[in-house]
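Per this note's numbering, residue 11 is the first one in the sequence shown, and the count goes up by one each step. Report on the structure given below.
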Amino acid sequence: EHHYVAPVTLGVALFGLGHWLGAAYPGLGVSGAQLVVVALFCSTTLLYHVTFAVNSIGHCLGSRRYETNDASRNSFWLALVTAGEGWHNNHHRYPASERQGFYWWEVDFTHYGVVLLSWLGVVWDVRGPSADVIREGAR
């Protein structure tokens with residue numbers, strides 16, 4: 011019902027910030043409309059494309075460590091672009107894990123952020139892959 015409140019509020023705030031920056035620092039050449047287009051519309055479009063890439067590329071390109079009932083795959087390059095979500099076959103094998111990169115060489119920036127938040131006490135009860143799943147993938 012109120013799902014437009016956050017993006018509209020962000021858009022208004024960005025427009026105001028851009029207008030203020032343009033007036034206070036004219037050398038920047040920034041306007042409110044520019045900030046809304048770049049910081050809201052372009053970033054949202056990029057986010058959607060990356061999300062859709064995980065659900066399309068993550069099911070057709072890459073390797074399969076685990077036998078799952080789908081076509082999910084692990085892709086190093088997709089994992090780099092998506093902060094770890096490219097380890098899609100791992101995710102489909104053990105979706106209860108917050109960690110997508112199950113092994114040290116599987117770069118997972120989102121996991122590193124969650125670990126930092128757990129050290130700070132912001133999140134807790136963080137679950138990783140089970141030892142059985144790790145052993146299964148090592149074969």
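The beta carbon of each residue, even a glycine, is placed where N, CA and C say it ideally should be.
So, at 6 Å on beta carbons, what are the nonlocal neighbours of residue 96 in its own chain, with the 5 sequence-adjacent residues on each side left out?
Cβ within range, chain order: 85, 88 and 89.
If you draw a straight line from the C-alpha of residue 52 to the C-alpha of residue 46, how long is it?
9 Å
Have a look at the DSSP bridge pairing and note the partners of residue 84.
73 and 97
Counting pairs of Cβ atoms below 8 Å between the segment 101 to 113 and the segment 128 to 143, do you hit three or more?
yes
Does residue 72 get closer than 9 Å to chain D when you measure Cβ to Cβ?
Looking for chain D here will not work: only one protein chain is present.
For residue 137, I'd like the list of residues in its chain whose CB is within less than 8 Å of its CB, leaving aside the five on either flank, ordered along the chain.
106, 107 and 108
Assuming residue 29 contacts residue 42 (C-beta within less than 8 Å), just tell me the rounded distance between them.
Cβ atoms of residue 29 and residue 42 come within 8 Å of each other, at about 4 Å.
With DSSP collapsed to three states, give me the class of residue 79.
Shown here, residue 79 sits in coil according to DSSP, grouped into three states, outside any helix or strand.
Alpha carbon to alpha carbon, what distance is there between residue 76 and residue 147?
6 Å
Within this structure, are the beta carbons of residue 17 and residue 54 separated by less than 9 Å?
yes
Please return the same chain residues whose Cβ sits closer than 7 Å to the Cβ of residue 31, not counting the five positions on each side in sequence.
38 and 40
If you reduce the DSSP assignment to three classes, tell me which class residue 104 lands in.
coil
Buried or exposed, going by whether 16 or more other CB atoms sit within 10 Å of the CB of residue 94?
By the neighbour-count rule (16 or more Cβ atoms within 10 Å), residue 94 is buried.
Quick check on residue 146: does DSSP put it in helix, strand or coil?
helix
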